[in-house]
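Order-wise, the sequence lines are chains A and B. Position in the first sequence (from 1) plus 1490 gives the number in the working numbering. Position in the second sequence (from 1) plus 1490 gives the number in the working numbering. Notes to accompany the following structure.
Number of protein chains: 2
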Amino acid sequence: MSELLTPRKRNISFTSLGKEETIPLHNFWASTGYSAGTKKLQLTRRQSGARLNENAAEGLEELDELANYEDFHTIDWLREMSRNRLRHRQITQGLRKTFLQKIRILHDACSGWLVVLLIGMAAGTCAGIIDIATKWLITLKMGVCTDKFWLDQESCCWLHEDQNSKIDNDSCAEWRSWAEILGGHRGHGASDYAVNYTAYVIIAMMFSTLAAVLVKNFAPYACGSGIPEVKTILSGFIIRGYLGKWTLLIKSVTSPLAVGSNLSLGKEGPLVHIASCCGNVFAHLFPKYGQNEAKKREVLSAAAAAGVSVAFGVPIGGVLFSLEEVSYYFPMKTLWRSFFCALTAAFVLRSVNPYGTAHFAMFYVTYNRPWLLFELVPFALLGVMGGLYGAGFVRANLFWCRFRKNSKLGKFPILEVMVITLITVLLSYPNPFTRMDASTVINELVQECGPTSHTNLCDYNVTRHYHGLNTTFVPASPSGGLGDGLKTALWQLALAFLFKCIITVFTFGMKIPTGLFIPSLAVGALMGRIVGIGVEQLVYTFPDNPMWKTDCQFSNGQSCITPGLYAMVGAAAALGGVTRMTVSLVVVMYELTGGLQYIVPLMLATMFSKWVGDALSGEGIYDGHIRLNGYPYLEQKREFTHTTLAADVMRPRPGEPPLKVIVQEGMTIYDLEELVKSNTLNGFPVLISNDSQRLMGFVCRKDLIVALENAHNKPEVTEDSPTYFTLHCPASVSELGNSNPVRLFNIVDLSPIAVSDHAPMETVVEIFAKLGNRQVLVTHNGKLLGIITKKDVLRHIAELDGEDPEKIMFD
Amino acid sequence: MSELLTPRKRNISFTSLGKEETIPLHNFWASTGYSAGTKKLQLTRRQSGARLNENAAEGLEELDELANYEDFHTIDWLREMSRNRLRHRQITQGLRKTFLQKIRILHDACSGWLVVLLIGMAAGTCAGIIDIATKWLITLKMGVCTDKFWLDQESCCWLHEDQNSKIDNDSCAEWRSWAEILGGHRGHGASDYAVNYTAYVIIAMMFSTLAAVLVKNFAPYACGSGIPEVKTILSGFIIRGYLGKWTLLIKSVTSPLAVGSNLSLGKEGPLVHIASCCGNVFAHLFPKYGQNEAKKREVLSAAAAAGVSVAFGVPIGGVLFSLEEVSYYFPMKTLWRSFFCALTAAFVLRSVNPYGTAHFAMFYVTYNRPWLLFELVPFALLGVMGGLYGAGFVRANLFWCRFRKNSKLGKFPILEVMVITLITVLLSYPNPFTRMDASTVINELVQECGPTSHTNLCDYNVTRHYHGLNTTFVPASPSGGLGDGLKTALWQLALAFLFKCIITVFTFGMKIPTGLFIPSLAVGALMGRIVGIGVEQLVYTFPDNPMWKTDCQFSNGQSCITPGLYAMVGAAAALGGVTRMTVSLVVVMYELTGGLQYIVPLMLATMFSKWVGDALSGEGIYDGHIRLNGYPYLEQKREFTHTTLAADVMRPRPGEPPLKVIVQEGMTIYDLEELVKSNTLNGFPVLISNDSQRLMGFVCRKDLIVALENAHNKPEVTEDSPTYFTLHCPASVSELGNSNPVRLFNIVDLSPIAVSDHAPMETVVEIFAKLGNRQVLVTHNGKLLGIITKKDVLRHIAELDGEDPEKIMFD
């Protein structure tokens, strides 16, 4: 490092000031503009344009070098943004530009669009490949396509459809179950069942074990859903490698394996992580984004939007998810780029066409009947149930994860995955609603019963006759007493609901990619369908109740209740209860159903779900995991309501040793080195003198270390050389006696954010949350009293909430 | 005022501190918590809980009194938010609560939802009534429903449909034109045309004149679209009466009149203003919102969303419009409430059902054909054209408005409206595309041609035969050579386009409610339809071009081009060019068309439109009008790229007299009164002493005036009484000699936001934009140097942009 940053490169010699002064780039303007007045300043800037240009490239490198943050540190948004503006200025300044410079400006202006385009395309491609792989792996547990083994069941039968080999709705002669392959004949006997069961269990075990081994050995960060971490990273935290190439690769490979093993998890959360990895990888192609942590986060916000967009095929919902749930600083100008990114991703995914339909969305549903006013009661009830489920899940899962962390269990991640998989598959095979993969189940649950419905779910005890509507493909759905099939289905639904409720608690948080969207939606859809059938039977049994009498006619076996809609509402409620999403959830569901008229039930359920959930558990699953892992995430949505003051939070606390500070004149190189060695603080305030305690500026630890290294490389500098953090310092040896002075004015931030000791903490929290600075200095009438870092604020909040601050941070 | 605020009420006697000290509520915590440490502070608070409760209600009143801002002043967001937190604390504090207190807490928690519910319902109702009135007024120019004069043409004929009196598509025997009524017979002769023409002109003139008179005499603020002003108000500016009851009433009445007079304007922009008025009116029912300018703006954001929601029937688009275009501080937690408000409004509107369809949206379009890849070229072209139009419109309109302002024209608003109306209606009657109201025209232009289409727009020279699709209501559209009707229509389209382009420039900004959405959409739709027909003919003429040969078959008179889609894309491009909306525009158009597959053309056109527009005119029409009117709006989206420092912007400038300050001890009442009288500053920094110049706090002008009035009411206070801004002051006469000291510590803000003189202005601008404070104090090593207000920043930006700052501000 010291070789890269020789003193010559670090400073720009600026002759137009009239005397030879070395001033660094990042307070270059500070010194020229000082009390100069606007007019004069512009003049100066223009004069010095040519000179600066020469050094611009060098200076940029220097700054980038300085800007690297250490792992698990928070970034300084103000500094990053100002670095970006400086970079932009260096590119665009000067009056006459060469052709090359113009190209560079154009490239700079376009690179924002280019990077989101690339990310969108990459995310879409990844999602498409993952979708196809997942489908194949899911059906591989059941059987194999005999002539083309790389096809999943649907593609296999679709390919052979024209040869009239179709047997029933979703099977064909070419698709053979494991019993058929091993036994050689097609049958439905007990032995075949046993063979298929065994194959199912063994293959699922193989998938999940492979996934766990890959994650453990190649990319430990590829586990979990990734959303809590992406959220934390976007709030300005550095976790090296979390969005790296290896994580991208391993998570992309293991997600299909995990879903294929029929564990109660989804690939939608991981897709957000994968898209963010794509974002990070492509950001590094553009120095504007790759070398600036604040700008990179703009791109990552867009990537997260693309992730949800491809997960469900909902571009607008994706952007709103990124805005509401994931992103921290979401400048409005990135909204448009995020939208572009999400749409590109959805479009690329659609070209790969994994859902096999012309629609974007994952499950596209069309309902033919409007909902009735009295149904708002069961919808609200579903909301309450969703909230209860969500709160219960969050508490149970956090308890289990804490237990895993603190017990020996955490040491055997692969074994844990194997055990959970074994339990899951053994119990899930017998029940069709758990044997199928969760997306298929959800898709089936949210559909209306129509004349072509042949599942148990639509087995009603009525003669089916449909009155003709004026369109051919819009049939009305049957209703009536429960048929035997539906009775069986109800039992299966209830068992599946219970099973999923419990197993998901143990699944989420294992050391494989575990998404939570699909399991939550599945639990909610199961719950909703049961409630829906209940309401339908209620209406059927008491047709004369005044609440629904006028709206419901049963003359031709018609019902006015759509259990599928209840499943949809229930799914929204459960997901809302678990994640506490609001607008984005409703918009996602709206995009899935494609009908504005169903937005009211969805909204009602989501509202109740959030209220009940918030009342019972206070935080969503992502925030819970952020807290569990002790990430320094300063929640913006929750208002700081306490009445403490900056003086109560700042370090040093009463009784602690005084703050480590730098005095602007007279400290020796040795003093500074001792200062750096004696602690791990991020930086040091600079005072005018120890007597006055007046604050003059702030020096970052990293800058100071680099500057000290540089000083050591100069032969004339000794340990006793005095240092000067002032603009003017004694120029030569003669004035000082025996040692050369070291000028360090260039590393001082002359305008650190400072507040009064009387400032209420609510203002300080707002400054941290909105300006994104790393620390705030506390002064009293201009005298330095202490310092507050972001982590101090988080500790303080934890303390006020009655938690032990040392225990929750990074344990 | 002085009667309301007696000294007893102003201060809370706080005995638990051990000595009799008067401490005001808003720095109450400051003084108790001062260097006390968290634990101790909590203890103190609990002890003093009972005492505080008694005074809470009084104190609240006091603070509200203090918080009134003057007209045309900016608000201090930090202070408002801290007042709100204090209010919240006062309601929720204390351990044991009475039933009444619990009710109060519940009411406080629910009031946010209640107020947006009420606003949504009110906005929906207003919009419904306005829609119905507008429809009636529009058709009243043509004729009248003979037996039920209060019905518009459509309702009239719909009501009489069953009596088989229908004549053609949209007329019936009961509906009679003015020529029929006056002449007594139904005919199409020249004299009838003349009578109808004359009636049309006279009625239109009456409408617009009435509207202008009403606006001028009863509510001058009801003119224009209102969006620039709502934007400015939401950014923290006070314009008294702008959102008042009179404005609401008059704008609601005059909007239909203005639209009814066939001027080139819409009621959609005004609806945003009307909804915001509803928001303001209902906010005053809840002290939490009505008496806190920051909280009120949260509600107004939701109201603006509801306005767009009802204007077009697009709730999600409305929320995004509010988020992207209108709102300034949009905390994420209000997103959910805005969404709720927008949805309620849309639902209420739908119950009133002004569009007569089951759909929410204003024009619901379904296209049957996908767009083809090569069409992206004409779509992009449309985007460029939209951008050109938008930039041209913005420049021309701003020029005209500036001319109106600076010339005698501005003195005759009613005459101006009459002249423009006369020109408009005289020229627009002969052309069917300008005679009809703009929404109907747009609706016709964006439709596909189908077998039931009978307009000139679908008159193609081919035998129409449609191949059967598998659904009955999805016909394919015809295409082929231009029929005579279409040729006529093309001429009419072109003339209508030119006419609308020109007349809208003169219409927008007149002293009646003038919305810009509909005229822009109309211009764009006309342009788009022309381009669409052009492309269609191109494809028809050269069917073998490889670009489209594979995708287009002409065997059965089918075309692969949908001119209606071009109209839709053109409409989006033109509106985008004028307003520079992006995401919200695409989402609105998506909600209108209801098909995700058309989002790509819309997005492409919007992108090109914005790029071209930004390159040519730099700002959208709303920002242009904000600048024209000199509102102090600090643009958040545009980054501050200059390199000036706080020292360059602060007052006093070099050569100006020194800053007016208060010294914490020793100034007399007379000194303070002279200080207040000598200037109009919003507040004064408090220094420890004139020698040290060290900053101790800040006092608001209003607080100081109230405090001085209070002091005057005390008999023992004379003009020579010394004032003390410190916590401790000499207690009695004896210590001071001949006059009583006045304690003013309670009005000092002990933690004003201060920056160093070296702070780059980019940071200062960010502090203003994000924290929303009113002023920033500038210090150098703890010494006060100057002050920067929001207006100073705006003046500075104007200066750097090469404009005369004194000319653009409030001229």
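Glycine included, every Cβ here is placed at the ideal spot set by N, Cα and C.
Asked                                                                                                                             : Found
Where the beta strand (DSSP E) through valine 2245 of chain A begins and ends                                                     : 2244-2246
Cβ neighbour criterion (16 or more within 10 Å) applied to valine 2283 of chain B                                                 : buried
Cross-chain neighbours of threonine 2269 of chain B in chain A, by beta carbon under 8 Å                                          : Gly2272
Closest residue to glycine 1882 of chain B among B:Leu2171, B:Pro1718, B:Lys1901, B:Ala2105 (Cα-Cα distance)                      : B:Ala2105
The region 2287-2296 of chain A / the region 2258-2275 of chain A touching (three or more Cβ pairs under 8 Å)                     : no
Contacts that histidine 2218 of chain A makes with chain B (C-beta to C-beta distance below 8 Å)                                  : Neighbours of histidine 2218 of chain A on chain B: none; closest Cβ ~15 Å, over 8 Å.
7 Å Cβ shell around serine 1655 of chain B - same chain, five flanking residues per side excluded                                 : Confidence is the limiting factor: at serine 1655 of chain B the pLDDT is only 48, short of 50, which leaves the residue's position unreliable and the question unanswerable from this model.
Where valine 2151 of chain A falls: helix, strand or coil (DSSP)                                                                  : coil
Alpha carbon of glutamate 1570 of chain A to alpha carbon of serine 2211 of chain A, nearest angstrom                             : 32 Å
Collapsed DSSP secondary structure at isoleucine 1764 of chain A in the structure displayed                                       : helix
Test: alanine 1709 of chain A CB closer than 8 Å to a CB of chain B                                                               : no
Exposure label - isoleucine 2116 of chain B; buried when at least 16 CB within 10 Å                                               : buried
Proximity test, Cβ basis, 8 Å: threonine 2052 of chain A and chain B                                                              : no
CA nearest to the CA of alanine 1748 of chain B, picked from B:Lys1631, B:Ser2099, B:Leu1608                                      : B:Lys1631
Alanine 2249 of chain B at chain A interface by Cβ criterion, 8 Å                                                                 : yes
Boundaries of the alpha helix (DSSP H) in which tryptophan 1736 of chain B is found, first to last residue                        : 1735-1750
Euclidean distance between Cα positions of threonine 2052 of chain B and tyrosine 1857 of chain B                                 : 8 Å
Against chain B: residues of the region 1574-1607 of chain A by CB proximity under 8 Å                                            : Arg1575, His1578, Arg1579
Cβ separation of isoleucine 1628 of chain A and serine 1742 of chain A, assumed to be a contact under 8 Å, to the nearest whole Å : With a Cβ gap of about 16 Å, isoleucine 1628 of chain A and serine 1742 of chain A do not count as contacting.
Contact list for threonine 1629 of chain B against chain A, beta-carbon separation under 7 Å                                      : Near threonine 1629 of chain B there are no residues of chain A at all, since even the closest Cβ is about 28 Å away, more than 7 Å.
Contacts that tryptophan 1826 of chain A makes with chain B (C-beta to C-beta distance below 7 Å)                                 : Thr2072, Val2073
Terminal residues of the alpha helix (DSSP H) in which cysteine 1647 of chain A lies                                              : 1643-1649
Enclosing beta strand (DSSP E) for tyrosine 2214 of chain B [first to last residue]                                               : 2212-2214
Simplified DSSP assignment, three categories, for valine 1936 of chain B                                                          : coil
Residue span of the alpha helix (DSSP H) that contains histidine 1774 of chain B, given as start and end                          : It is not in any alpha helix (DSSP H) - histidine 1774 of chain B carries neither H nor E in the DSSP assignment.
Where serine 1667 of chain B sits in the DSSP three-state scheme                                                                  : strand
Any C-beta of chain B under 8 Å from that of alanine 1557 of chain A                                                              : Confidence is the limiting factor: at alanine 1557 of chain A the pLDDT is only 47, short of 50, which leaves the residue's position unreliable and the question unanswerable from this model.
Residue-chain proximity (arginine 1885 of chain A, chain B), Cβ-Cβ < 8 Å                                                          : no
When A:Leu1576, A:Phe1998, A:Ile1565 are compared against arginine 2129 of chain B, the one with the closest alpha-carbon         : Just to set this straight, residue 2129 of chain B is glutamate in the shown sequence, not arginine. Comparing Cα-Cα distances from glutamate 2129 of chain B to each of A:Leu1576, A:Phe1998, A:Ile1565, the minimum goes to A:Leu1576.
Backbone secondary structure at histidine 1578 of chain A - three-state DSSP                                                      : helix
Proline 2175 of chain A: first and last residue of the uninterrupted beta strand (DSSP E) it sits in                              : 2173-2177
Supposed contact pair threonine 1997 of chain B and leucine 1753 of chain B - C-beta distance, whole angstroms, cut 8 Å           : 5 Å
Where lysine 1638 of chain A falls, given that 16 or more other Cβ within 10 Å makes a residue buried                             : exposed
Counted within 10 angstroms of its Cβ, other Cβ atoms place cysteine 1991 of chain A as buried (16 or more) or exposed            : buried
Nearest candidate by alpha-carbon position, reference arginine 1925 of chain B, set B:Cys1646, B:Ile1764, B:Gly1750, B:Arg1892    : B:Gly1750
Reference arginine 1894 of chain B, options B:Val1771, B:Asn2180, B:Leu2118, closest by Cα                                        : B:Leu2118
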